[in-house]
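Participant: Protein chains in written order, with numbering that gives the first Met the number 0: chain A, 0 to 218; chain B, 0 to 218. For each residue, glycine too, the CB sits at the ideal point set by N, CA and C. Before I ask anything, here is the structure I am working with.
2 protein chains.
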Amino acid sequence: MDQRTKINSRKREPLSPGRIVQAAFEVIGAEGLAEFSTRKLAQRLGCEAMSVYHHFPSKAHLMDALVDSAVASLRPIPPDFDFIAGQRFAAFEYRAMGLRFPAFFPFLSVHRMNTPKALAWLNAMIGAYRKAGFSDRDAAHYFRQFGYYIIGAVLDETAGYARGPSTAAPVPFEVMKRDFPNVLSAGPHFAKGEWRRIFELGLEMELEGLTSALAAARS
Amino acid sequence: MDQRTKINSRKREPLSPGRIVQAAFEVIGAEGLAEFSTRKLAQRLGCEAMSVYHHFPSKAHLMDALVDSAVASLRPIPPDFDFIAGQRFAAFEYRAMGLRFPAFFPFLSVHRMNTPKALAWLNAMIGAYRKAGFSDRDAAHYFRQFGYYIIGAVLDETAGYARGPSTAAPVPFEVMKRDFPNVLSAGPHFAKGEWRRIFELGLEMELEGLTSALAAARS
DNA sequence: CAACATATTCTTACAGTGTAAGGTGTCAAC
DNA sequence: GTTGACACCTTACACTGTAAGAATATGTTG
């Protein structure tokens, strides 16, 4: 009908899954997960909301593509690393991925990884445990347990980082001082500059535990 | 206008924050977090959607009340427990809380705990670390790191438990067998019956690490 | 008792959401 | 040309949270 719409769609690069995924990350990064809608996505793409549906059957499928894309950005463990060094590498790599998409990570953390690229990554990770000497069962269990720590850590860093202050009226300083002095004195040590140390503290604890478990499994 | 509405609102118990919170948990438990809306909540309460707004200024405030209520259900660490036993108790207690509200936990996991009851719980937890002999800084860091593991674990149990299959078309068995054999053979060991063992595996690893850290801090 | 005040609850309306159904313009193959 | 496939757009619907204000219920004062 209106000729400008045609011109618009001719002028710009045509839509594609890749371009849509990238634009989605941009919107989520700029406006936050809650503000991410098909219409705002379309606005950034220079098209109409429904045009996205020609490339993704639903918003949920698009979100899955975002998960896949984020997971695909995880570099595999270098082959010459031993098991512990490899797990350390994977942990930092996963954390870096989360911090690359801080506003998106809370979504990722809660979603099953059953897209092809996510499965490939999972497969490699579990394979590392098997290869190190864990039984099938122990490989599954220790890997999952390790994931608990990593995901919990990255979630905390991103959920706190990406979101503004809570909706509830914050407790005033005087009340904090009187009723929750431990929280107050812990506050500075929760600052962003400390996050990496906190992450490493627990990570090294995990790695020592894995070392012991591995020694026990091999004997 | 319509007289039945009056009769209805006379007949039932009057609205109150407590009744609304309870109904909210019921709706979330029965229909899931995504299906939880003010109108469905009102339906369960036998009132109109906007009536809720007299008791909570916004849905976000109501959600905060849910967080507060869930956290308030955490029993404090018994005073005669030593530090490690206390942390073990708190970990299981937290996990039990999450499993009590499985559909709600993914929301809780991502939200700051700055309501009064949540702060009281935080304050007690951090206090336990201080009392055990950690410095202010180490208390903050080791507590947070411990929380990473616990929250990651409970999130995984509830997010997998409370949600149905992913939206993406699942990868067919033949493909799994060929391309992701490690994931396939790990599958049975990720079954629900194994969750408690997995949780304990990582928990005991954490507790051993805390024991060592505490010994180092005291020396 | 009536009259007023306050606390609850309901009605209506609006801007926003995901997306079903079907239309329109462009281009390649015949 | 005509046809058909493809990419994109228009419209419409059922849903969301909630602002604004009307209506009712309850309590208080005369």
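What is the C-beta distance between residue 143 (chain A) and residue 88 (chain B), in whole angstroms, given that I count them as a contact (C-beta under 8 Å)?
Facilitator: Numbered from its first residue, the first sequence carries residue 143 (chain A) at position 144. Numbered from its first residue, the second sequence carries residue 88 (chain B) at position 89. Rounded, the Cβ-Cβ distance is 23 Å, inconsistent with contact.
Participant: The alpha helix (DSSP H) that contains residue 93 (chain B), what's its start and end?
Facilitator: Taking the first residue of the second sequence as 1, we reach residue 93 (chain B) at position 94. Taken as a continuous stretch (DSSP letters only), the alpha helix (DSSP H) holding residue 93 (chain B) covers 82-99.
Participant: Using alpha carbons as the reference points, say which of B:35, B:103 and B:24 lies closest to residue 109 (chain A).
Facilitator: Locating residue 109 (chain A) in the first sequence gives position 110, counting from the first residue. Nearest option by C-alpha distance: B:103.
Participant: Compute the Euclidean distance between the alpha carbons of residue 61 (chain A) and residue 136 (chain B), then round it to the nearest angstrom.
Facilitator: Locating residue 61 (chain A) in the first sequence gives position 62, counting from the first residue. Locating residue 136 (chain B) in the second sequence gives position 137, counting from the first residue. Cα to Cα, the separation comes out at about 42 Å.
Participant: State the Cα-Cα distance for the pair residue 113 (chain A) and residue 14 (chain B), rounded to the nearest angstrom.
Facilitator: For the purposes of this step, residue 113 (chain A) is identified with residue 114 of the first sequence, where counting begins at 1. For the purposes of this step, residue 14 (chain B) is identified with residue 15 of the second sequence, where counting begins at 1. About 43 Å.
Participant: Looking at the secondary structure, which residues open and close the alpha helix (DSSP H) in which residue 51 (chain A) lies?
Facilitator: Taking the first residue of the first sequence as 1, we reach residue 51 (chain A) at position 52. Neither: residue 51 (chain A) is in no alpha helix (DSSP H) and is coded neither H nor E.
Participant: Please go through the same chain and pick out, in chain order, the residues whose beta-carbon is closer than 7 Å to the beta-carbon of residue 150 (chain B), but skip the five residues on each side of it.
Facilitator: Stepping through the second sequence from its first residue, residue 150 (chain B) is reached at position 151. Same-chain partners within the cutoff: 108.
Participant: Buried or exposed for residue 211 (chain A), please, with buried defined as at least 16 other CB atoms from any protein chain shown within 10 angstroms of its CB.
Facilitator: Here residue 211 (chain A) refers to the residue found at position 212 when the first sequence is read from its first residue. Under this definition residue 211 (chain A) is an exposed residue.
Participant: Count the C-beta pairs between the region 52-70 of chain A and the region 14-23 of chain A that are closer than 8 Å, then say yes if the count reaches three, no if not.
Facilitator: Output reads yes: the region 14-23 of chain A touches the region 52-70 of chain A.
Participant: Of all the options B:35, B:54, B:170 and B:85, which has the alpha carbon lying nearest to the alpha carbon of residue 19 (chain B)?
Facilitator: Taking the second sequence and counting its residues from 1, the one referred to as residue 19 (chain B) is at position 20. With distances taken between Cα atoms, residue 19 (chain B) lies closest to B:54.
Participant: Identify the contact partners of residue 147 (chain A) in chain B, using a Cβ-Cβ distance below 7 Å as the criterion.
Facilitator: By 1-based counting over the first sequence, the position of residue 147 (chain A) is 148. Residues of chain B passing the Cβ test: 148, 151, 152, 155 and 201.
Participant: Since residue 86 (chain A) meets chain B, which of its residues come closer than 8 Å, beta carbon to beta carbon?
Facilitator: As a first step, residue 86 (chain A) must be located in the first sequence, where it is residue number 87. By Cβ distance, chain B contributes nothing, its closest Cβ being about 13 Å from residue 86 (chain A), past 8 Å.
Participant: Considering only the beta carbon of each residue, do residue 127 (chain A) and residue 197 (chain A) sit closer than 8 Å?
Facilitator: Counting from 1 along the first sequence, the entry for residue 127 (chain A) is found at position 128. Counting from 1 along the first sequence, the entry for residue 197 (chain A) is found at position 198. In this structure, residue 197 (chain A) does not lie closer than 8 Å to residue 127 (chain A) by Cβ.
Participant: Mind listing the chain A neighbours of residue 236 (chain B)? Cutoff is C-beta to C-beta under 8 Å, in chain order.
Facilitator: Chain B is shown only over 0 to 218; residue 236 (chain B) falls outside these bounds and no answer can be derived.
Participant: Have a look at B:47, B:35 and B:82 and flag the residue whose alpha-carbon is nearest the alpha-carbon of residue 59 (chain B).
Facilitator: Translated into positions along the second sequence, residue 59 (chain B) becomes position 60. Nearest option by C-alpha distance: B:35.
Participant: Could you tell me which of B:169, B:124, B:158 and B:194 sits nearest to residue 139 (chain A), measuring between CA atoms?
Facilitator: Numbered from 1 along the first sequence, position 140 holds the residue referred to as residue 139 (chain A). Of the candidates B:169, B:124, B:158 and B:194, the one whose C-alpha sits nearest the C-alpha of residue 139 (chain A) is B:194.
Participant: Mind reading off the beta-carbon distance from residue 186 (chain A) to residue 148 (chain A)? Whole number of angstroms is fine, and I expect it under 8 Å.
Facilitator: Translated into positions along the first sequence, residue 186 (chain A) becomes position 187. Translated into positions along the first sequence, residue 148 (chain A) becomes position 149. Incorrect: roughly 23 Å between the Cβ atoms, too far for contact.
Participant: In three-state terms, what does DSSP make of residue 135 (chain B)?
Facilitator: Residue numbering aside, residue 135 (chain B) sits at position 136 when the second sequence is read from its first letter. Residue 135 (chain B): helix per DSSP, three-state reduction.
Participant: Say whether chain B places a C-beta atom closer than 8 Å to the C-beta of residue 97 (chain A).
Facilitator: Position 98 of the first sequence, counted from the first residue, corresponds to residue 97 (chain A). Residue 97 (chain A) does not count as touching chain B.
Participant: Determine, using beta carbons only, whether residue 193 (chain B) comes closer than 8 Å to chain A.
Facilitator: Here the question's residue 193 (chain B) lines up with position 194 in the second sequence. At least one chain A Cβ lies under 8 Å of residue 193 (chain B).
Participant: Listing by chain order, which chain B residues have their CB less than 7 Å from the CB of residue 144 (chain A)?
Facilitator: Residue 144 (chain A) sits at position 145 when you count from the first residue of the first sequence. Going along chain B in sequence order, the residues near residue 144 (chain A) (Cβ under 7 Å) are 197, 200 and 201.
Participant: May I have the straight-line CA-CA distance separating residue 216 (chain B) from residue 134 (chain B), to the nearest angstrom?
Facilitator: As a first step, residue 216 (chain B) must be located in the second sequence, where it is residue number 217. As a first step, residue 134 (chain B) must be located in the second sequence, where it is residue number 135. Near 8 Å, if we compare the C-alpha coordinates of residue 134 (chain B) and residue 216 (chain B).
Participant: For the alpha helix (DSSP H) that residue 60 (chain A) lies in, which residues bound it at each end?
Facilitator: Numbered from its first residue, the first sequence carries residue 60 (chain A) at position 61. Where residue 60 (chain A) is concerned, the enclosing alpha helix (DSSP H) stretches over 58-71.
Participant: Should residue 73 (chain A) be flagged as near chain B, meaning a C-beta pair shorter than 8 Å?
Facilitator: Taking the first sequence and counting its residues from 1, one reaches residue 73 (chain A) at position 74. Taking Cβ atoms only, chain B never reaches closer than 8 Å to residue 73 (chain A), which makes this a no.
Participant: Taking the alpha-carbon positions, what's the residue 119 (chain B) to residue 170 (chain A) distance?
Facilitator: The residue labelled residue 119 (chain B) in the question sits at position 120 within the second sequence. The residue labelled residue 170 (chain A) in the question sits at position 171 within the first sequence. Each residue's alpha carbon lies about 12 Å from the other.
Participant: Determine the direct distance from the alpha carbon of residue 100 (chain A) to that of residue 73 (chain A), and round the result to whole angstroms.
Facilitator: The residue you call residue 73 (chain A) lines up with position 74 of the first sequence. The residue you call residue 100 (chain A) lines up with position 101 of the first sequence. Spanning the two alpha carbons is a distance of roughly 12 Å.
Participant: In chain order, what residues of the same chain have a beta carbon less than 7 Å from the beta carbon of residue 158 (chain A), not counting five sequence neighbours either side?
Facilitator: Indexing the first sequence from 1 puts residue 158 (chain A) at position 159. For residue 158 (chain A), where only same-chain residues beyond five positions count, the Cβ hits under 7 Å are 105.
Participant: Any C-beta of chain B sitting closer than 8 Å to the C-beta of residue 4 (chain A)?
Facilitator: In the first sequence, residue 4 (chain A) corresponds to position 5, counting from 1. Unreliable positioning characterises residue 4 (chain A) in this predicted model, as indicated by a pLDDT of 43, which lies under 50. The coordinate reading is nonetheless provided below. No, because no Cβ of chain B sits closer than 8 Å to the Cβ of residue 4 (chain A).
Participant: Per DSSP, what kind of secondary structure is residue 196 (chain A) in: helix, strand or coil?
Facilitator: As a working note, residue 196 (chain A) is residue 197 in the first sequence. In this structure, residue 196 (chain A) counts as helix in the three-state DSSP scheme.
Participant: Is the CB of residue 129 (chain B) under 8 Å away from at least one CB in chain A?
Facilitator: Residue 129 (chain B) sits at position 130 when you count from the first residue of the second sequence. True, the Cβ-Cβ gap to chain A drops below 8 Å.
Participant: In the structure shown, what three-state DSSP assignment does residue 175 (chain B) receive?
Facilitator: Position 176 of the second sequence, counting from 1, holds the residue named residue 175 (chain B). Three-state result, residue 175 (chain B): helix.
Participant: Between A:31, A:49 and A:183, which lies nearest to residue 37 (chain A) when the distance is taken from Cα to Cα?
Facilitator: As a working note, residue 37 (chain A) is residue 38 in the first sequence. Among A:31, A:49 and A:183, the Cα nearest to that of residue 37 (chain A) belongs to A:49.
Participant: Assuming contact is defined by CB atoms lying nearer than 8 Å, are residue 206 (chain B) and residue 156 (chain B) in contact in what I supplied?
Facilitator: Your numbering for residue 206 (chain B) matches position 207 in the second sequence. Your numbering for residue 156 (chain B) matches position 157 in the second sequence. No; because the gap between Cβ atoms is not below 8 Å, this pair is not in contact.
Participant: Residue 4 (chain B) by DSSP, collapsed to three states: which one?
Facilitator: Taking the first residue of the second sequence as 1, we reach residue 4 (chain B) at position 5. Only weak support exists for where residue 4 (chain B) lies, its pLDDT of 41 falling under 50; the value from the coordinates is given anyway. Three-state DSSP puts residue 4 (chain B) in a helix.
Participant: Would a check of beta-carbon distances place residue 121 (chain B) closer than 8 Å to chain A?
Facilitator: Taking the second sequence and counting its residues from 1, the one referred to as residue 121 (chain B) is at position 122. Yes - at least one Cβ of chain A is within 8 Å of the one on residue 121 (chain B).
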